[in-house]
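J.: One structure, pasted below without further comment.
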Amino acid sequence: MSMDRRSFIKGMAVSGVAATAAGLAGCAAAPNKGGAASGSGNASASAEAGAKRYSFETPPKSIEESQIAETYEADIVVVGAGVSGMVCAASAAQEGADVILFAASTAPVFRGGSNHGIGTKAQKRYGIDYNANNLSPMIKKQMADAGYLIDQKKWWKWINHSSESMDWLIDVMEEAGWETTIEVGYDDPDGVFSFQPSAHNWIGDEVTNGSANGQGLVVSELERIILENGCRIDYRTVAQHLVRDDDNTGRVSAVVAQNEAGDYVKYIGRKAVVLATGDFSGDREMMEKYCPWAMDLLDENWSLDYDAGFQFGGLYPGDGQKMGLWVGAGWQKVYPNAPMILGMIAAQLPSQIGVQNYTGPNLNMNGERYMNEDTTATYSVMSVMNQPERTAYFIWEAAYAYRYDTWCVGGTTIDQDNGPKPKTSEEILAEWEAAAENRAYVKADTIEELLSQLDGIDAEQAKATLERYNMYCENGVDEDFHKDPRYLAPVKTGPFFGFKYQVDPSAFLCVTGGLRTNENMQVCDENDVPIDGLYNLGVMVGDSYGTLYNFGVEGHNLGMNCITFGYLVGRDLARA
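Oh and the sequence shown: position 141 is 451 in this note's numbering, straight run, nothing missing.
What follows is the structure in structure tokens.
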């Protein structure tokens, strides 16, 4: 099944929800609605979760051969039409492999558009010296943030092959007439959270913010490549179970699916079956077992939508993970699985760049500061998770708009003639005024009046906290949290703005990881032995992240698990 490329592009949503973080999240469409669990909600301790028997752990009855209406055979069968599956299929198709890709979605699925690349031709055009040697401190920090639990072999394989995979995609996109842009980096004064301009995206007439939705251009071009090379794509086709030979002990040779007409179809992969089926946050039982601490961020009204782009409060039901478990795959070693919580990034706080927290006073319901505010938006929301009712308040004066000459927006590129333009102080102030008019912010001429409008805060204590904070600003020393003096901006002169923020399902995008996976993307059993013929890609790859997906390497999931590993698996299987 094909689709008109330009029609697809023009139909894409261009609102760019959480544009700053776009592209770091969704990279695969889930393919199987069968087996979505309906477990209860509250998470228990990990020991109790481990002892409980969950419904998804029981394999469904296999579809009998007599029930199968059609059988297709190819070198490689890819399940899922997100970025990782489309990259894998296109890479293999260009190498001459016979490929079938099928997915439950009605078209390719994407989220965002930031793709982290290292040493690419686009970076070299701008004179950006970014390579495996000079990024080692950043990688060490990422390993430390994850407690050194995650699989370094995956990360370094990505680093060593990032340029060839991203250059391949750059060629694909530029030959089709799209422009490669690179988003601005982040220069943390302390160097802790700094990163080079490294997130690549693509823009054109129909898409001007590649960070928000440029990945739609990517999947459209990849679909074209797959079809032009004579390969097959079946949409609206839902995977049911894998076929593992020798009484579920041998090679994975096929996957059984159900098409739109309700007929069962068998797809035989002569070389491999590649799962690229998205996350498992839509299955409450799987979340209870593998990511219990994020259970409160799930939307109770979640419903399955295989065409979902940005969807908060839960995304896909873990169909690929379940199918892998049913044929003996092990679960990843890192516990719990790391969620993607956009949080502050999506809240549009008064920050110069979207990855940064608001560095002025952050207060809780007790009217108290609770952290050194000089951090990233993602780590800030983790601190809010530990505050009463997961609630924080941000208060600033109008003059804060003039603290920076320019304000970067989500998707601002280093070549500022392309993509979203940075905003002036006047433009930022006008946005705050509009937000106050719309009641997203509160505004007042005095602190007392402002605090009276911030529902739930201890106004008396908050006023005392702000007075003490202003004293720290005058003295140049934060006696409570010792924040960098450069971020001690006073809150003394009206008018003032305030914003109440609560971490809720609108902050939660998806959960990462799942099946135990080696650096070659082979799915492994509990003994780390690869299951012959079975691979997986994208956000479902196990042991890529620990604690949480912290957005500290902008566009990492797309750049590593989707682009680099998708490209390498497709190419190498085709050549095998």
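Every residue, glycine too, gets a C-beta built ideally from N, C-alpha and C.
No experiment lies behind these values; they were computed from the predicted model shown.
By alpha-carbon positions, which one of D684, E484, M692, D589 ends up nearest to R796?
T.: It is D684 whose Cα lies nearest to the Cα of R796.
J.: By DSSP's criteria, T490 is part of a beta bridge. Which residues make up the other side?
T.: Looking at the DSSP assignment, T490 forms a beta bridge with W512.
J.: Would you list the residues sitting across from V752 in a DSSP beta bridge?
T.: G808.
J.: By Cβ distance below 6 Å, which residues in the same chain neighbour G808 in space, the five residues on each side in sequence not counted?
T.: Within the same chain, G808 has close Cβ partners I705, V752, L760, L764.
J.: Report, in whole angstroms, the separation of the C-beta atoms of I663 and C718, which I expect to be a contact under 8 Å.
T.: That pair is a contact at about 4 Å.
J.: Which residue comes first and which comes last in the beta strand (DSSP E) that contains M650?
T.: Taken as a continuous stretch (DSSP letters only), the beta strand (DSSP E) holding M650 covers 649-651.
J.: Give, in chain order, every unbroken run of the alpha helix (DSSP H) that is at least 4 residues long and sits entirely within the stretch 526-573.
T.: The qualifying runs are 555-558.
J.: Between the stretch 605-613 and the stretch 567-583, do at least 3 Cβ pairs fall closer than 8 Å?
T.: Verdict: no, contact absent.
J.: Between V565, A400, G588, which has its C-alpha nearest I578's C-alpha?
T.: Minimum Cα distance to I578 is reached at V565.
J.: Does DSSP put K873 in a helix, in a strand, or in coil?
T.: Note that residue 873 corresponds to Ile in the displayed sequence, not to Lys. DSSP places I873 in helix when its eight states are reduced to three.
J.: Would C872 and S401 be called neighbours here (beta carbons separated by less than 7 Å)?
T.: No, Cβ-Cβ distance for C872 and S401 is not below 7 Å.
J.: Check this for me: beta carbons of I469 and A442, under 7 Å apart or not?
T.: Result yes, Cβ atoms of I469 and A442 sit closer than 7 Å.
J.: Once you ignore the five residues that flank G876 on each side, which residues in its own chain have a CB closer than 6 Å to its CB?
T.: The residues are S394, V397, C398, L847.
J.: Below 6 Å CB to CB, which residues in the same chain sit around E707 once its five sequence neighbours on both sides are set aside?
T.: Cβ within range, chain order: V801, T803, F806.
J.: Closer than 8 Å is the cut-off here; do at least three beta carbon pairs connect the stretch 812-829 with the stretch 630-640?
T.: A contact exists between the stretch 812-829 and the stretch 630-640.
J.: If I'm right that F622 touches L819 with Cβ under 8 Å, what's the distance once you round it to whole angstroms?
T.: About 6 Å; that satisfies the 8 Å criterion.
J.: Quick one: Cα of T368 to Cα of G869, how far?
T.: The straight-line gap from Cα to Cα measures roughly 34 Å.
J.: Can you have a look at D461 and say buried or exposed, based on whether 16 or more other CB atoms are within 10 angstroms of its CB?
T.: With 16 or more Cβ atoms within 10 Å of its Cβ, D461 is classed as buried.
J.: Note down the Cα distance separating G880 from A817, rounded to an integer number of angstroms.
T.: If you take the alpha carbons of G880 and A817, they lie about 34 Å apart.
J.: For E683, which of helix, strand or coil comes out of DSSP?
T.: E683 falls in the coil class under three-state DSSP.
J.: Assuming the contact rule is C-beta atoms closer than 8 Å, D606 and P627 should be a hit. Round their C-beta distance to whole Å, please.
T.: Not a contact, Cβ separation roughly 19 Å.
J.: When you compare only the Cα positions, how much space is there between M650 and S376?
T.: M650 and S376: Cα-Cα distance of roughly 42 Å.
J.: So, at 7 Å on beta carbons, what are the nonlocal neighbours of S415 in its own chain, with the 5 sequence-adjacent residues on each side left out?
T.: A339, A391, Y545, Y616, D617, listed in sequence order.
J.: How would you label M831, buried or exposed, when you count the other beta carbons within 10 angstroms and need 16 or more for buried?
T.: M831 is buried by the Cβ-count criterion.
J.: Would you mind reading off the limits of the alpha helix (DSSP H) that contains D455?
T.: 446-455 is the span of the alpha helix (DSSP H), which, as asked, contains D455.
J.: To the nearest angstrom, report how far apart E474 and K733 are at their CA atoms.
T.: Using only the alpha carbons, I get a separation of about 35 Å.
J.: Identify whether G630 lies in helix, strand or coil by the three-state DSSP scheme.
T.: Correct three-state label for G630: helix.
J.: Out of W641, I543, L659, A884, which has the shortest C-alpha to C-alpha gap to V839?
T.: For V839, the nearest C-alpha among the options comes from W641.
J.: Skipping 5 residues on each side, what residues in its chain have a beta carbon closer than 6 Å to that of G344?
T.: Because the pLDDT at G344 is just 33, under 50, the model does not fix this residue reliably, and the value given afterwards should be weighed accordingly. Correct list, in chain order: Q550.
J.: Closest to G670 by C-alpha separation, out of G677, L585, N682, would be which residue?
T.: Nearest of G677, L585, N682 to G670, Cα basis: N682.
J.: Can you give me the C-alpha to C-alpha distance between A744 and A711, rounded to a whole angstrom?
T.: Near 14 Å, if we compare the C-alpha coordinates of A711 and A744.
J.: Return the first residue and the last residue of the alpha helix (DSSP H) that Q433 is part of.
T.: Q433 -> alpha helix (DSSP H) spans 431-435.
J.: Which residues mark the beginning and the end of the beta strand (DSSP E) in which E741 is found?
T.: Note, E741: premise wrong, no beta strand (DSSP E); alpha helix (DSSP H) at 735-747.
J.: Just verifying my parser: in three-state terms, what is the DSSP assignment at I767?
T.: Looking at I767 - three-state DSSP - the assignment turns out to be coil, as it is neither helix nor strand.
J.: Write down every uninterrupted run of the beta strand (DSSP E) in the stretch 357-387 whose length is 3 residues or greater and which is fully enclosed by it, in chain order.
T.: None, since the stretch 357-387 contains no complete beta strand (DSSP E) of that length.
J.: Leaving out the 5 sequence neighbours to the left and right, which residues in its chain are closer than 7 Å to E678 when beta-carbon positions are compared?
T.: Q771, T775.
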